[in-house]
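Protein chains: 2
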Amino acid sequence: MPTAAAIIIGDEILSGKFDDENGPWLVRRCRTLGIDLKRISIISDEVETIADEVRRASSAFDFVFTTGGIGPTHDDLTLEGVARAFGVALYEHPDLADMIKTRMGDAANQDAMRMAMVPVGAELWRTAPKRFPVLVCRNVLIFPGVPKYLQAKFDDIADRLGGEPKTSRRLVTEQTESEIAATLRRAAEQWPEVAIGSYPRFETDPHTVIITIDGRSQGALDACTEWLQAQLRTKSI
Amino acid sequence: MPTAAAIIIGDEILSGKFDDENGPWLVRRCRTLGIDLKRISIISDEVETIADEVRRASSAFDFVFTTGGIGPTHDDLTLEGVARAFGVALYEHPDLADMIKTRMGDAANQDAMRMAMVPVGAELWRTAPKRFPVLVCRNVLIFPGVPKYLQAKFDDIADRLGGEPKTSRRLVTEQTESEIAATLRRAAEQWPEVAIGSYPRFETDPHTVIITIDGRSQGALDACTEWLQAQLRTKSI
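Residue numbers (our numbering), protein chains in the order written: chain B, 3 to 239; chain P, 3 to 239.
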C-alpha cells in the first residue's frame with residue numbers, strides 16, 4: 003500500500019482566514035484509493051519552511067501532495083520551496099510558458115509567467131485537455147490551493163497512484179477504556195496485520211467507546227472482530 | 003508575539019474515521035489570544051513519529067500543543083513519544099496517581115494507572131478544580147483529543163500563554179492576481195511589518211481576489227490599506 007503525506011501551504015489557514023478543505027478531502031480520497039495517508043502538515047508561506055517539510059516528507063513516504071502557493075503573487079512560494087528542497091534551480095518550462103501565453107494573451111505579464119518557472123527535473127503529468135498539467139518533482143505532486151481545482155486535477159491523475167483499499171469494522175461498548183484496554187492490547191498482539199483503534203465518546207449517555215478494526219485481510223478482520231465481540235460487552239450499531 | 007505549533011495525534015483523523023475539530027479550534031483560539039500559530043501537523047499514533055515531531059516543534063516555537071493519545075489504551079502513545087523526544091523516562095506521578103485512584107476507585111486498574119505515567123521533569127498546570135491538570139513538558143502542553151475536554155483545559159490555562167492580538171483588513175478586487183501581483187509586491191516591500199495575502203475566489207462571478215492586510219501597528223495597516231486602495235480597483239465588501 004503506497005504511503006503519502008499532504009502538505010497544505012498557506013498562512014490563510016493558520017491565521018483562520020479560510021478553513022482548510024483540502025486536508026479533509028485528501029483524507030477521504032486517499033482512503034477510497036487505498037493510499038495510506040501518514041501525515042498532514044499545514045505550514046506557512048516561507049520558502050525555507052516549505053523546503054524543509056518537502057525534503058523530509060519526500061524521503062519518508064511514497065508520495066507527497068502539496069496544495070497552495072502556486073499562483074503569480076508574492077506569497078506564492080511553493081515552487082521555490084520545492085526547488086530548494088532538492089537543491090535545484092527554477093527555469094521557465096517551455097510548454098507551460100506556451101500554455102500561459104495562449105490562455106492569457108496580452109495579460110501574460112511577468113508575474114503571470116512566474117507560474118511557468120518550475121524546478122529543474124520537474125515532469126508534467128497530463129490532465130483533462132483544458133486543465134493545466136500537474137507538476138511532479140520526484141515523488142512530490144504539486145496541486146493548487148483552490149479546492150475545486152485541486153480536486154479536479156487529483157482525480158485526473160489518481161489512477162497513477164496505485165493503492166488497495168482497506169476495510170473497516172466498528173464495535174461500540176459501554177465499558178470504559180480502562181476496562182477494555184487489556185483485551186484490545188491482546189487483540190493487537192494476536193492480529194498484528196490489523197489496526198485497532200479505541201475512541202471514547204462522551205456526548206452519548208451513557209458514555210460509549212467506539213472500537214475500530216481496520217485491515218486488508220478479510221479473514222483476520224473477521225477473526226479479530228469475532229474474538230473482540232466474545233470478550234467485550236458490545237452493542238449493535 | 004509568542005509562536006506555537008499544534009500536533010494533532012491520531013490515526014482516526016488520517017484514516018477519515020473522525021474529522022479533526024481540534025486544529026480549526028486551536029486556529030481560532032490562537033488568533034483571539036494573539037499567539038502566532040505557525041504549523042499544524044496531523045500525525046499517526048507511533049512513538050517515533052510523535053517523538054520526532056515534538057522534538058522539532060519544541061526547538062522551533064515558543065509553545066507546542068499536542069492533542070490526543072493520552073488515554074489508557076494501547077494506541078495512546080503521546081506521553082511515551084514526548085518522553086522519547088526529550089530522552090527522559092516515564093515515571094508514575096504521585097499526584098496524578100492519587101487523582102486517578104480517588105476518581106475511579108476499584109476501577110483504577112493497571113491500564114487506568116498508565117495515565118499517571120509522565121515524562122521525568124513534567125509539570126502539572128492546575129485547571130478548574132474538578133478537571134485533571136494540564137501536563138507540561140518543557141514548552142510542550144499536552145491536551146486530550148476529545149474536543150470539549152481540550153477546549154475546557156486550554157481555556158483554563160490560556161492566560162499563561164501571553165500574546166497580543168493582530169488586526170486584519172480585507173480588500174476585494176475583480177482584477178486578476180497577475181494584474182495586481184506587482185502592486186502587492188511593492189506594498190510588501192514598503193511595509194515589511196505588515197503581512198499581505200492574496201486569495202483568488204473562483205466561485206464568484208466575475209471572479210474576485212481577496213487581499214488581506216494583517217499586522218499589529220494600526221498606522222502601518224492604515225497606510226498600507228489606503229495605498230493599495232489608491233493603486234487597485236477595489237470594491238466595498
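Don't be surprised by glycine CBs; every beta carbon is placed ideally from N, CA and C.
- Judged by their CB atoms, residue 141 of chain B and residue 64 of chain B are nearer to each other than the 8 angstroms cut-off.
- Beta bridge pairing from DSSP links residue 84 of chain B with no other residue.
- Here the segment 70-77 of chain B lies against the segment 145-158 of chain B, with 3 or more beta-carbon pairs under 8 angstroms apart.
- At a C-beta separation below 8 angstroms, residue 16 of chain B has these neighbours in chain P: 29, 39, 40, 41, 42.
- When Cβ pairs closer than 8 angstroms are counted between the two stretches, the segment 49-58 of chain P is seen not to touch the segment 17-24 of chain P, the count staying below three.
- For residue 215 of chain B, the uninterrupted beta strand (DSSP E) segment begins and ends at 210-217.
- In the three-state reduction of the DSSP assignment, residue 3 of chain B falls in the coil class.
- In the same chain as residue 208 of chain P, and ignoring 5 residues on each side of it, the C-beta atoms closer than 7 angstroms to its own belong to 176, in chain order.
- With a threshold of 8 angstroms between beta carbons, residue 108 of chain P makes no contact with chain B.
- The criterion of a C-beta distance shorter than 8 angstroms is not satisfied by residue 143 of chain B and residue 90 of chain B.
- Interface criterion met: the Cβ of residue 33 of chain P is under 8 angstroms from a Cβ in chain B.
- Looking at the DSSP output, residue 48 of chain P shares a beta bridge with no other residue.
- Runs of the beta strand (DSSP E) lying entirely within the segment 120-150 of chain B and spanning at least 3 residues, in chain order: 125-127, 136-139, 142-145.
- Contact note: residue 209 of chain P does not reach chain B at a C-beta cutoff of 9 angstroms; the least C-beta distance is about 10 angstroms.
- Under DSSP, the beta-bridge partners assigned to residue 202 of chain B are B/211.
- Taking 8 angstroms as the cut-off, the beta carbon of residue 59 of chain P is found closer than this to the beta carbon of residue 9 of chain P.
- Between residue 16 of chain P and residue 39 of chain B, the C-beta spacing is below 8 angstroms.
- Residue 175 of chain P is bridged by DSSP to P/211, P/236.
- Ranking P/129, P/87, P/82 by CA distance to the CA of residue 117 of chain P puts P/82 first.
- In the structure shown, the three-state DSSP call for residue 181 of chain B is helix.
- Linking residue 102 of chain P to residue 88 of chain P through their CA atoms gives a straight-line distance of about 26 angstroms.
- The three-state secondary structure of residue 37 of chain P, taken from DSSP, is coil.
- With three or more CB-CB distances shorter than 8 angstroms, the segment 179-190 of chain B counts as touching the segment 108-122 of chain P.
- In the DSSP annotation of this structure, the continuous segment of the alpha helix (DSSP H) that includes residue 104 of chain B starts and ends at 96-106.
- With three or more CB-CB distances shorter than 8 angstroms, the segment 164-178 of chain B counts as touching the segment 218-234 of chain B.
- For residue 115 of chain B, the uninterrupted alpha helix (DSSP H) segment begins and ends at 112-115.
- Residues of chain B with a Cβ closer than 9 angstroms to the Cβ of residue 179 of chain P are, in chain order, 73, 74, 75, 78, 113, 114.
- Interface with chain P (8 angstroms Cβ-Cβ cutoff): residue 26 of chain B is included.
- Between residue 167 of chain P and the set P/98, P/132, P/29, P/152, the nearest pair of CA atoms involves P/29.
- A direct Cα-Cα distance of roughly 41 angstroms separates residue 3 of chain B from residue 106 of chain B.
- Within 7 angstroms of the CB of residue 186 of chain B, the CB atoms of chain P belong to 75, 76, in sequence order along the chain.
- Considering only beta carbons, no part of the segment 123-138 of chain B lies closer than 8 angstroms to chain P.
- In the structure shown, residue 79 of chain B adopts coil according to DSSP, grouped into three states.
- For residue 159 of chain B, the secondary structure class from DSSP, reduced to helix, strand or coil, is helix.
- In the structure shown, residue 66 of chain P adopts extended strand secondary structure according to DSSP, grouped into three states.
- Pairing residue 232 of chain P with residue 189 of chain P, the inter-Cα distance amounts to about 12 angstroms.
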